Structures are given as structure tokens and as C-alpha cells.
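Asks:
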Amino acid sequence: MRACVACATKTDDTGRFCPVCGAVLVDEPRPDAPAPSELPPVPDASLIGTSFDGFTIEAMIGGGAFGTVFRGRQAGLDRQVAIKVPTHEIAADPVMARRFARECRSAARITHPGVVAIYAVGELGDGRPYLAMQLIDGEPLDKILENGPIPAVRALRIARNVASALSETHAADVVHRDLKPSNIMWRCDRNGDDRITLVDFGIAIANPGNAEATRLTANGVIGTPHYMSPEQAHGEMPDHRADLYALGCILFELVTGKPPFDGSGFEVLLAHLGRPIPIPSEVHDGVPEPVDRLVIHLLSKRPDDRPQSADEVVTLIDDAIAQLEGRGGPSHSAMKTRHTPRAKRKSGAPTTYERPVPAPHRSRRWLALGGFAAVAIAVAGFAAVKLSDADDTANADEDATAPSPFTGRREFIYDDGEMTTRATIYDPIVAGKRARTQLEVWNAIGAPLDVSHLVITIEDPLRNTATGTTAPRSKRSAGRFAFWHVFETPGRYKVRVFPPEATSVFTIDIDVEP
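Sequential numbering of the sequence shown, starting at 363, is according to the numbering used here.
1) Whose C-beta lies closer than 8 Å to the C-beta of Arg796 among residues of the same chain, with five residues either side of it excluded?
2) Quickly, what does DSSP pair Glu501 with across the bridge? List them, please.
3) Distance check for Ile612 and Glu629, CA to CA, integer angstroms please.
4) In this structure, does DSSP put Asp681 in helix, strand or coil?
5) In whole angstroms, what is the alpha-carbon distance linking Asp455 and Leu439?
6) What does the Cβ neighbour count give for Ile807, buried or exposed, with the cut at 16 atoms within 10 Å?
7) The alpha helix (DSSP H) with Val653 in it runs from where to where?
8) Quick check on Ala527: buried or exposed, where buried means 16 or more other Cβ atoms within 10 Å of its Cβ?
9) DSSP on Glu644, reduced to helix/strand/coil?
10) Taking only three categories from DSSP, how would you classify Leu635?
11) Quick one: what's Ser413 bridged to in DSSP?
12) Take Tyr481 and list the residues in its own chain whose beta-carbon comes closer than 8 Å to its own, dropping the five residues that flank it on each side.
13) Per DSSP, which one or two residues make a beta bridge with Phe432?
14) Hey, Leu824 and Gly853: beta-carbon distance below 7 Å or not?
15) Within 10 Å of its beta-carbon, does Thr430 have 16 or more other beta-carbons around it, so buried, or fewer, so exposed?
16) What first and last residue would you give for the alpha helix (DSSP H) that runs through Val515?
17) According to DSSP, simplified to helix, strand and coil, what is Phe843?
18) Go ahead and label Cys466 buried or exposed: buried means 16 or more other beta carbons lie within 10 angstroms of its beta carbon, across all protein chains shown.
19) Where does Gln496 fall in DSSP's three states?
20) Based on the DSSP output, what are the partners of Met781 in its beta bridges?
21) Mark Asp499 as exposed unless 16 or more other C-beta atoms lie within 10 angstroms of its C-beta, in which case mark it buried.
22) With DSSP as the reference, label Gly830 as helix, strand or coil.
23) Would you call Ile872 buried or exposed, if buried means 16 or more other Cβ atoms sit within 10 Å of its Cβ?
24) Rounded to whole angstroms, what's the CA-CA distance from Asp504 to Glu485? Just pull it up for me.
25) Give me, in chain order, the residues of the same chain whose beta-carbon lies closer than 7 Å to that of Pro652; leave out the 5 immediate sequence neighbours on both sides.
26) Cβ atoms of Asn545 and Val561: under 7 Å apart, would you say?
27) Between which two residues does the beta strand (DSSP E) carrying Thr819 extend?
28) Among Asp540, Leu678, Ile641 and Pro650, which has the Cα closest to the Cα of Ala608?
29) List the whole-angstrom C-beta distance separating Ser529 from Asp673, where the pair is believed to meet the contact cut-off of C-beta under 8 Å.
30) Considering only the beta carbon of each residue, do Glu850 and Val792 sit closer than 7 Å?
31) Is it right to say Glu615 is buried, meaning 16 or more other beta carbons lie within 10 angstroms of its own, or is it exposed?
32) At what residues does the beta strand (DSSP E) containing Arg557 begin and finish?
33) Alpha carbon to alpha carbon, what distance is there between Val859 and Val649?
34) In whole angstroms, give me the CA-to-CA distance for Ser662 and Arg516.
35) Go ahead and label Val446 buried or exposed: buried means 16 or more other beta carbons lie within 10 angstroms of its beta carbon, across all protein chains shown.
36) Work out the CA separation of Ala407 and Phe428 for me, nearest whole Å.
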């Protein structure tokens with residue numbers, strides 16, 4: 363049994379996406395394992411006072427569904443340490459056990475004052491693993507935001523510290539993937555300067571793209587929605603530039619007091635995918651232009667449009683601080699990567715992020731069978747919308763050959779080796795008038811796809827918004843679906859099709875005439 367991350371629908375479908383709303387499906391916990399909400403927050407108090415491998419547990423720091431973090435002491439060096447111990451249930455779960463081991467390995471690869479230091483790993487007498495690490499004297503970074511936004515230069519210096527730590531992290535071939543204020547410990551040193559330490563590498567990946575990382579994350583979107591890059595929301599394997607996007611979200615929050623996008627997790631994911639990049643100074647008065655420019659650069663939808671390394675981010679931050687402190691203009695490298703705020707751009711290109719077509723394992727093709735080639739298909743990984751009320755009554759049963767105001771049709775066939783989809787577009791598609799799209803879907807052995815409906819999302823190119831509907835199955839023909847939609851303004855619309863049993867999502871670009 364699997365559950366939807368957005369609408370909580372439970373299903374036996376084997377595909378990646380919810381048949382109701384199109385969000386990502388994840389495996390439910392084993393029946394014999396308690397739900398996280400049922401786990402006691404402090405499950406291992408009995409460990410206090412125990413000694414093992416030269417460590418003694420002295421007190422609890424905190425606990426939760428994953429396990430408990432203790433304050434301990436390492437006898438040989440007489441230093442305080444933090445000791446992380448998973449619950450019995452987590453330790454018995456093979457996937458979660460590998461995640462714990464991966465956290466140990468990932469963090470141990472990095473040596474930097476801004477990254478938590480790993481001292482030792484081992485096994486308790488009851489068979490559970492433990493992780494002994496640096497005890498951080500500080501608070502989560504979101505504590506600094508309790509009194510609202512902070513001055514721009516201070517925010518930039520904090521972001522610089524994070525970027526410096528990320529530079530060493532990425533140099534060790536580790537991508538954090540869940541960078542957020544609660545995973546950044548903050549403190550002031552004896553001189554009153556801000557210092558940070560990155561923690562919680564539980565979903566970090568070493569050598570992005572390796573088989574183990576893919577297996578551990580293939581069933582869902584990994585990360586925290588408010589700080590998640592578009593490519594993560596698409597379900598792709600992120601590289602180090604996803605961490606830089608998250609840093610842009612954090613910098614935005616430091617100077618405005620709120621994250622770039624807000625709402626339910628579902629709505630926030632959609633915003634990261636398709637809404638325009640917000641301008642900090644338009645959200646909070648007084649944010650200077652160099653900060654606007656840096657945030658826009660970091661929050662670019664396409665990874666190739668962002669800074670390409672954490673070292674580059676450090677340089678850009680140094681330039682911004684220099685400008686704000688009156689020590690000169692931007693460096694040559696910063697000027698080359700300068701981005702103009704949206705309000706000053708001349709280009710009207712939509713900001714919707716679209717994933718490039720990956721190199722195929724088999725022949726992937728759209729075959730134009732008639733009419734004009736105005737529809738192009740690309741593979742995408744995820745789209746999140748709140749479904750609108752759909753007219754499910756007999757849409758799919760209307761005969762395409764029946765008399766209608768349409769004067770022609772175009773057919774395109776897509777075959778990715780797993781599903782074959784034929785899309786039939788009825789001409790003309792005119793703004794303000796209902797347009798019909800018919801879909802026929804077969805599986806790999808040629809059998810019609812036997813599901814009740816397909817989830818359809820439609821993105822408006824001018825408003826940068828998305829709506830959703832469903833294409834119900836024909837009552838007479840298995841594998842045939844259809845939907846009607848009014849495209850309100852001219853332009854190119856993106857229509858995403860979510861076959862619930864497939865691991866691919868298809869995006870149809872449709873040109874709408876005035």
C-alpha cells in the first residue's frame with residue numbers, strides 16, 4: 363500500500379504518482395511498525411548513565427520519531443559529544459538503517475568548521491547503531507527570525523558562512539538536499555560574530571546518481587517543500603546546485619522574514635516549479651538591490667542559470683557586502699552573472715521550469731500523423747496542483763467523429779518503451795472557447811490502460827498559474843480518455859498528463875490562437 367504526499371490517498375498503484383491529484387506516492391510504513399506520531403518523543407531514557415566504546419551518556423538533548431540525541435562524554439579526550447541513537451523500529455527498517463549509515467558516511471567525508479564533525483560510529487549492546495559527533499553550542503537558525511527579518515549585511519554574512527560550508531561539502535562530493543534553517547545551527551562567537559554549523563545529513567547523497575542513492579529515494583520527493591529546488595520537486599536526482607537554490611530561499615527568509623513561497627506543501631511545490639521568482643524588496647521594504655540580484659540568481663528555475671558552485675556564491679556575496687558597505691562595485695565575475703530583477707526585464711518569457719529531455723534508453727518519439735506540428739512532448743517528473751471541479755459526465759464518450767465546430771484534428775503518438783500515448787488535438791484551438799483533447803494510452807504489452815481517469819494539469823503562460831482537471835475514461839472504450847478546457851488567452855500552454863501506472867509524465871505544449 364502506498365500513500366499520496368499531498369492528499370493522503372491510499373492506493374495499490376505501482377506508479378510514482380497519485381491517481382487522484384498527481385502528487386508523488388510513497389510507501390507506507392510496515393504494518394508492524396508504529397506511525398511516527400505514535401512513537402514516544404523520548405524512547406531511550408534508559409540509556410542515560412550507560413557507557414560503551416569510551417563514551418558515557420549523560421543526558422538527553424531531544425528525541426522524536428527517528429530516535430534520540432544525547433549529550434555524552436568521551437573519556438579518553440574528556441570532551442563533551444552528541445550521540446545520536448535511532449529507535450528500535452528505525453534500526454530494524456533496512457531502508458532507514460541505510461539512511462542512518464549514509465548520514466554517518468556523508469558527514470564524515472567533510473572537514474570544515476561549518477560542518478558538524480563526526481567522531482565515531484559503532485553499535486550498542488542491543489544491536490542499534492550510534493553516531494558520536496561534535497556537540498554544537500547553539501540554536502537552529504530559524505530562532506534568529508523570531509523577531510522578524512535581519513539587516514541585509516548580517517544576512518549576507520550568515521549566507522556566506524553557509525556557502526563556505528557548502529563549498530567543502532560539495533568538494534567531498536556530498537549534496538545535502540535538505541538545507542533549511544532548522545538544519546543550520548547558529549551561535550555568536552566571543553566577538554559577537556554569527557557562526558553556523560550544518561547538521562543532519564540524513565538524506566544527503568555522496569556521488570549523486572549512484573545506484574544506492576537512487577534506490578533509497580525513488581519512491582518520492584526528498585526534501586522540505588519551502589526550500590526545495592524545482593528539479594527536486596520534479597523528482598529528479600539533484601546535484602550541488604539544489605543546495606544553492608535552498609540557500610537562496612534561506613537568504614530570502616533572512617531579509618524578509620518569510621520564505622519565498624507559502625501555503626500547503628502541495629502549493630509550495632507548484633510555486634517552486636512555475637511561479638515567478640519573488641523579489642525580496644517587493645516583499646519587505648528596505649531590502650537593497652544587491653540582495654535582490656543575488657536572490658534572483660540563486661532562485662533561478664534552471665540549475666544552469668544559477669551560480670555553478672558555492673565558491674562562486676561566496677564571491678557574489680563578498681561583492682554584495684562590498685557594495686553595501688561602500689567599498690566598491692561588483693567584481694568582474696559578479697558582473698558577468700548579474701541578473702536583473704523581474705520588474706526591469708524586457709523579456710516576456712514565462713518562468714516555468716521545464717526539465718530537459720534525458721538521453722533515452724529506447725527510441726522516444728512523437729510521430730506527427732497530420733496537421734501542423736504545434737505539439738511537442740517532453741518528460742517531466744512532477745507537477746503539483748489543486749484540482750478544480752471537473753466535468754466528468756460523458757467527456758470521454760463523445761465520439762470524435764460526431765458533428766462539432768472543429769474543422770480538423772492533429773494526432774501525435776509518443777512511445778517511451780513503458781507506455782504508448784496518442785494525443786488527438788481538435789482544431790482550431792481558440793482563446794475563450796472550449797477545446798477538446800482526446801488521449802489513448804496502452805501499456806508495454808499493448809493492452810489499454812485500465813484506470814478510471816488521468817490527471818491533467820494546465821499551466822497558463824501569461825499568468826504563471828496552473829489549474830488541474832481529470833480526463834475520465836470512456837464508458838465504451840478502455841484506454842480512451844478525453845477532457846475539455848477553455849484556454850482563456852492566446853499563447854503556448856503546457857498540458858501535463860499523469861498516467862497513474864507510469865513512471866513518466868508527459869508535457870504537451872499547445873499553441874492557442876487569438
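Idealized CB from N, CA, C, for every residue including glycine. All values derive from a computational prediction rather than experimental measurement.
Replies: The structure says:
1) If we look at Arg796 and ignore the five residues flanking it on each side, its Cβ neighbours are Trp846, His847 and Val848.
2) Partner(s): Trp548.
3) Looking at the two C-alpha atoms, the distance is approximately 19 Å.
4) Looking at Asp681 - three-state DSSP - the assignment turns out to be helix.
5) So the alpha carbons of these two residues sit roughly 34 Å apart.
6) Ile807 should be labelled exposed.
7) Segment Glu651 to Leu660, the alpha helix (DSSP H) holding Val653.
8) Counting Cβ neighbours within 10 Å, Ala527 comes out buried, since at least 16 surround it.
9) Helix, per DSSP.
10) In this structure, Leu635 counts as helix in the three-state DSSP scheme.
11) BP columns for Ser413 point to Thr418.
12) Result list for Tyr481: Gln436, Val443, Ala494, Met495 and Gln496, in chain order.
13) DSSP lists Met422 and Ile445 as partners of Phe432.
14) Yes. Within cutoff.
15) The residue in question, Thr430, is buried, as its Cβ has 16 or more Cβ neighbours within 10 Å.
16) Its alpha helix (DSSP H) spans residues Ala514 to Ala533.
17) For Phe843, the three-state secondary structure derived from DSSP is strand.
18) Per the 10 Å Cβ criterion, buried.
19) Here Gln496 sits in strand by DSSP.
20) DSSP lists Asn805 as partners of Met781.
21) So Asp499 counts as exposed.
22) In the structure shown, Gly830 sits in a strand (DSSP, three-state: E or B).
23) Ile872 comes out buried.
24) The alpha-carbon separation between Asp504 and Glu485 amounts to approximately 33 Å.
25) When the five nearest sequence neighbours on each side are left out, the beta carbons in the same chain lying within less than 7 Å of the beta carbon of Pro652 are those of Ala682, Gln685 and Leu686, in order along the chain.
26) Judged by beta-carbon spacing, Asn545 lies within the 7 Å limit of Val561, meaning their Cβ atoms are closer than that value.
27) Where Thr819 is concerned, the enclosing beta strand (DSSP E) stretches over His815 to Asp822.
28) When each option's Cα is compared against that of Ala608, the closest is Asp540.
29) Rounded, the Cβ-Cβ distance is 5 Å, consistent with contact.
30) No, these two residues do not count as a Cβ contact at 7 Å.
31) Under this definition Glu615 is a buried residue.
32) Arg557 -> beta strand (DSSP E) spans Asp556 to Leu560.
33) A direct Cα-Cα distance of roughly 40 Å separates Val649 from Val859.
34) Their backbone Cα atoms lie some 23 Å apart in a straight line.
35) For the record, residue 446 in the displayed sequence is Lys; it is not Val. By the 10 Å Cβ count, Lys446 comes out buried.
36) So the two alpha carbons sit approximately 14 Å from each other.
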